[in-house]
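Chemist:
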Amino acid sequence: MTLENLLKGEKTVSIYRQGAFVDLCRGPHIEKTSQIKAFRLNKLSGSYWLGDAKNEPLQRVYGLCFSTKDELVNYEKMIEEAKKRDHRLIAKQQKLFTWREEGPGFPFMLPKGRTLFNLLVEYNRRKNAARGYVEIATPQMLIEDLWKISGHADYYRDNMYFSTVDERLYAIKPMNCPGAMLLYKEERKSYREFPLRVAEFGLVHRHELSGVLHGMFRVRAFTQDDAHVYCSMEGLKAEIKDIVDYTLEVYKDFGFNDFVIYVSTRPEKAIGDPEVWERATAMLKESLDEKGIAYKIKEGEGAFYGPKIEFNVKDCIGRQWQLGTAQVDFFLPERFGLEYIGADGANHRPAMVHRAIFGSLERFIGILIEHTMGAFPVWLAPLQVKVLPITDLQNDYAKSLLKSLIAAGVRAEIDDSSERVQKKIRNAQLEKTPYMLVIGAREAEAGKAAVRLRTGIDLGAMTLDEFLQGLHAVESARSNELWPGLQDKGGDIPAQ
RNA sequence: GCCGACGUAGCUCAGUGGUAGAGCAGCUGAUUCGUAAUCAGCAGGUCGUGAGUUCAAUCCUCACCGUCGGCUCCA
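If you count by our numbering, then the first sequence holds residues 48 to 543, one letter each, in order.
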């Protein structure tokens, strides 16, 4: 690659100069290096001439610079803060999930992590049902031909897992849609059934490049809170609006109140008629416009089969995470020959929207961990209560209390080791257990429990009923508070 | 996949060309204690895997696997 063919077809070339340094660059550059008051070289990576792996490798050195030293210090503090929230470390401390060499990129869910996962599914199922969704499940692997029809085998072959059984080639599903298409065709559909909202908690496998794996944020197997919504062209916009409402409602339940929304348009590698793309993209924009929701455009970032709305949230330290998407798809219905009978008695092609709100449940769990620093709100805490007898004279009473808690649907454990309460509290605290029920002779005698919150607040002795009332109140409100009337953001745990 | 670093007990880490150690966790015993670590003892590792160099490799070399930080990618 030479400068000559690099510049082929370019009409304008920009050159920047800093003292003796002259750079051919798209820019912009700062005027003079004296404007930089603080800098740090912080990253090193391999790169390629023009970003193409076929070209010669280069070393790239990254630096940060700021106009004041304070800004640099603040930035570095933020990085430190982010490190303390690393979901991989917190998951290890709280025994949520783990990784093994035997399955690189495949999460192993431990009991507490699976509890959290199940709570998300439970939450989602209830919401789906209330919004008129039905739920299906499609097979984990389907014959390769199906993936040729859907286009996935052409576009993502290198990222798919295959298996040959009985001399037939099967692909492990990287997406749920083709299976869903088959189920749509199971029976003839009528316009009277529309909008048809079909959800699936689909476990998909995608062979991601080894270098991109990163905790729960980038895995090779994950569960989508997927859904396919089928409707008429006329009904499409209403469905998109419904999905937007639904999505934002969910994020608020999890304490994400700051959203950034993007509309991603047609990529270079796409199937279908550009005109259809244009219409679908316009429809997405109109839906957001009509709801008065601000959005930005990501040019060429859509999926190969359709444009999408991407929902990003900001966490409590300002980082942005992409969660859900809503994607219009006119192509799969066509490729699979989906039809419905309209009011006119004729066959029509339905419009379809793919949507996911959490996106990947595994990834969402990772984001939740970093957002809350592992101090989950009561309704999501895999362990809500730790019962702590002070001496083993209280063990029997403490165990009966534990039994009552569990019977009342509370996620509770007991620490009846022969350690001192200080140690038991410390351990429960490090696991960020919302409630510690300290049981001494006084409580056992009075049939009560001394309630300590993980924030260090001691609520004093109360009866089981009083405790359950408070717990259930904050739980059912999906509150960030630990106790009714107490201001507690859940994240302000004293440093260990 | 690419660039770079790393891989020692369940976890966090120390250490050496002559086959390894601590703290925590675990187990046993003692202690029975009031809101962030009680004491003692025991047990625990073919030093990621394979090959090479060497009288001798956990240590040096190479390959592979995995992890971490970036790049690229993320239907």
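Positions of the beta carbon are idealized from the N, C-alpha and C atoms, including for glycine. These figures come from a predicted structure and were not determined experimentally.
Buried or exposed for ALA545, going by 16 or more other Cβ atoms inside 10 Å?
Modeler: Residue 545 falls outside the range modelled here, since the chain spans only 48 to 543, and no answer is possible.
Chemist: Can you check whether the CB of GLU247 is closer than 8 angstroms to the CB of ALA184?
Modeler: Counting from 1 along the first sequence, the entry for residue 184 is found at position 137. Counting from 1 along the first sequence, the entry for residue 247 is found at position 200. For ALA184 and GLU247, yes; Cβs fall inside 8 angstroms.
Chemist: Should THR211 be labelled buried (16 or more other beta-carbon atoms within 10 Å of its own) or exposed?
Modeler: Within the first sequence, residue 211 is the residue found at index 164, counting from 1. Under this definition THR211 is an exposed residue.
Chemist: For GLU478, which option in ARG64, ILE126, GLY160 has the closest C-alpha, if you only look at C-alpha atoms?
Modeler: Walking along the first sequence from the start, residue 478 turns up at place 431. With distances taken between Cα atoms, GLU478 lies closest to GLY160.
Chemist: For ARG501, name the three-state secondary structure that DSSP assigns.
Modeler: As a first step, residue 501 must be located in the first sequence, where it is residue number 454. DSSP places ARG501 in coil when its eight states are reduced to three.
Chemist: Buried or exposed for VAL400, going by 16 or more other Cβ atoms inside 10 Å?
Modeler: In the first sequence, residue 400 corresponds to position 353, counting from 1. By the 10 Å Cβ count, VAL400 comes out buried.
Chemist: Which of the three DSSP states, helix, strand or coil, is assigned to HIS254?
Modeler: Here the question's residue 254 lines up with position 207 in the first sequence. Three-state result, HIS254: coil.
Chemist: Could you compute how far the alpha carbon of ARG489 sits from the alpha carbon of ILE340?
Modeler: The sequence position of residue 489 within the first sequence is 442, counting from 1. The sequence position of residue 340 within the first sequence is 293, counting from 1. Near 57 angstroms, if we compare the C-alpha coordinates of ILE340 and ARG489.
Chemist: For THR510, collect the residues of the same chain with a Cβ closer than 6 angstroms to its Cβ; drop the 5 residues on either side in sequence, then sort them by chain order.
Modeler: By one-based count along the first sequence, residue 510 stands at place 463. So the list reads LYS495, once near-sequence residues are dropped.
Chemist: Can you give, in chain order, each stretch of the alpha helix (DSSP H) that sits fully within the stretch 450 to 514 and has at least 4 residues?
Modeler: Listed in chain order, the complete alpha helix (DSSP H) runs (minimum 4 residues) inside the stretch 450 to 514 are 468 to 477, 488 to 493.
Chemist: Using the beta-carbon count (16 or more within 10 Å), is ARG467 buried or exposed?
Modeler: Taking the first sequence and counting its residues from 1, one reaches residue 467 at position 420. Exposed.
Chemist: Could you round the C-beta distance between TYR231 and LEU385 to whole angstroms and report it? I think they count as a contact, below 8 angstroms.
Modeler: As a first step, residue 231 must be located in the first sequence, where it is residue number 184. As a first step, residue 385 must be located in the first sequence, where it is residue number 338. The Cβ separation is near 6 angstroms, so the contact holds.
Chemist: Tell me the rounded alpha-carbon separation between GLY353 and GLN431.
Modeler: Looking up residue 353 in the first sequence gives position 306. Looking up residue 431 in the first sequence gives position 384. Spanning the two alpha carbons is a distance of roughly 43 angstroms.
Chemist: Measuring only the C-alpha atoms, how far is PHE358 from LYS446?
Modeler: Position 311 of the first sequence, counted from the first residue, corresponds to residue 358. Position 399 of the first sequence, counted from the first residue, corresponds to residue 446. Their backbone Cα atoms lie some 46 angstroms apart in a straight line.
Chemist: Report the start-end ranges of each beta strand (DSSP E) in the stretch 315 to 347 that is 3 residues or longer and not cut off at the edges.
Modeler: Qualifying beta strand (DSSP E) stretches, in chain order: 343 to 345.
Chemist: How big is the Cα-Cα spacing for TYR309 and THR372?
Modeler: Taking the first sequence and counting its residues from 1, the one referred to as residue 309 is at position 262. Taking the first sequence and counting its residues from 1, the one referred to as residue 372 is at position 325. Each residue's Cα considered, the two are about 9 angstroms apart.
Chemist: Tell me which same chain residues have a C-beta within less than 6 angstroms of the C-beta of ARG382, skipping the five on either side of it?
Modeler: Position 335 of the first sequence, counting from 1, holds the residue named residue 382. Excluding residues within five positions, the ones whose Cβ falls inside 6 angstroms are ILE196.
Chemist: Starting from MET188, follow the beta strand (DSSP E) in both directions and report where the run begins and ends.
Modeler: Along the first sequence, read from residue 1 onward, the residue named residue 188 stands at position 141. Segment 188 to 190, the beta strand (DSSP E) holding MET188.
Chemist: With respect to the alpha helix (DSSP H) encompassing LEU230, which residues constitute its N-terminal and C-terminal limits?
Modeler: Here residue 230 corresponds to residue number 183 of the first sequence, with the count starting at 1. It spans 224 to 231 - the alpha helix (DSSP H) in which LEU230 sits, taken as one unbroken run.
Chemist: Within 10 angstroms of the Cβ of GLU409, are there 16 or more other Cβ atoms? Answer buried if so, exposed if not.
Modeler: As a position in the first sequence, residue 409 is number 362, starting the count at 1. Buried, since its Cβ has 16 or more Cβ neighbours within 10 Å.
Chemist: Please classify ILE412: does DSSP put it in a helix, a strand, or coil?
Modeler: By one-based count along the first sequence, residue 412 stands at place 365. It is helical.
Chemist: So what does ARG265 bridge to, in DSSP terms?
Modeler: Numbered from 1 along the first sequence, position 218 holds the residue referred to as residue 265. Beta-bridge pairing links ARG265 to HIS261.
Chemist: At the level of alpha carbons, what is the spacing between LYS131 and ILE364?
Modeler: For the purposes of this step, residue 131 is identified with residue 84 of the first sequence, where counting begins at 1. For the purposes of this step, residue 364 is identified with residue 317 of the first sequence, where counting begins at 1. The straight-line gap from Cα to Cα measures roughly 12 angstroms.
Chemist: Which residue from LYS470, PHE377, HIS134, ASP376 puts its Cα closest to that of PHE264?
Modeler: Taking the first sequence and counting its residues from 1, one reaches residue 264 at position 217. Comparing Cα-Cα distances from PHE264 to each of LYS470, PHE377, HIS134, ASP376, the minimum goes to HIS134.
Chemist: Have a look at LYS536 and ASN304 and give me their C-alpha separation to the nearest angstrom.
Modeler: For the purposes of this step, residue 536 is taken as the residue at position 489 of the first sequence. For the purposes of this step, residue 304 is taken as the residue at position 257 of the first sequence. Low local confidence applies: a pLDDT of 46 at LYS536 is under 50, so the model's placement there is unreliable, and no value is given.
Chemist: Using C-beta distances below 7 angstroms, list every residue in its chain close to LEU189, excluding the 5 sequence neighbours before and after it, in chain order.
Modeler: Taking the first sequence and counting its residues from 1, one reaches residue 189 at position 142. So the qualifying residues of the chain are TYR217, ALA218, LYS220, PRO225, GLY226.
Chemist: If ILE437 sits next to GLY503, beta carbons under 8 angstroms apart, how far is it from one beta carbon to the other, in whole angstroms?
Modeler: One-based indexing of the first sequence puts residue 437 at position 390. One-based indexing of the first sequence puts residue 503 at position 456. So it is not a contact: roughly 18 angstroms between Cβ atoms.
Chemist: At 4 residues or longer, and completely inside the stretch 108 to 144: list those alpha helix (DSSP H) runs for me, N to C.
Modeler: With a minimum length of 4 residues, the continuous alpha helix (DSSP H) runs that stay inside the stretch 108 to 144 are 116 to 131, 134 to 140.
Chemist: Should ALA493 and MET483 be called a contact, given that it needs their Cβ atoms to be closer than 8 angstroms?
Modeler: Residue numbering aside, residue 493 sits at position 446 when the first sequence is read from its first letter. Residue numbering aside, residue 483 sits at position 436 when the first sequence is read from its first letter. Their beta carbons are not under 8 angstroms apart, which means ALA493 does not touch MET483 by this criterion.
Chemist: May I ask you to verify whether the stretch 413 to 430 touches the stretch 134 to 151, counting CB pairs closer than 8 angstroms and requiring at least 3?
Modeler: Short answer: they touch.
Chemist: Count the other CB atoms, across all protein chains shown, that sit within 10 Å of the CB of THR49; report buried if there are 16 or more and exposed otherwise.
Modeler: Residue 49 sits at position 2 when you count from the first residue of the first sequence. In this predicted model, THR49 has a pLDDT of only 46, less than 50, meaning its place in the structure is not dependable; the value taken from the coordinates is given anyway. Looking at its Cβ environment, which holds fewer than 16 other Cβ atoms inside 10 Å, THR49 is exposed.
Chemist: Check whether the stretch 143 to 162 touches the stretch 259 to 275, taking contact to mean three or more Cβ pairs, one atom from each stretch, closer than 8 angstroms.
Modeler: Enough Cβ pairs lie closer than 8 angstroms, so yes.
Chemist: For the stretch 275 to 284 against the stretch 199 to 213, are there 3 or more C-beta pairs whose distance is under 8 angstroms?
Modeler: Cβ pair count under 8 angstroms is below three, so no.
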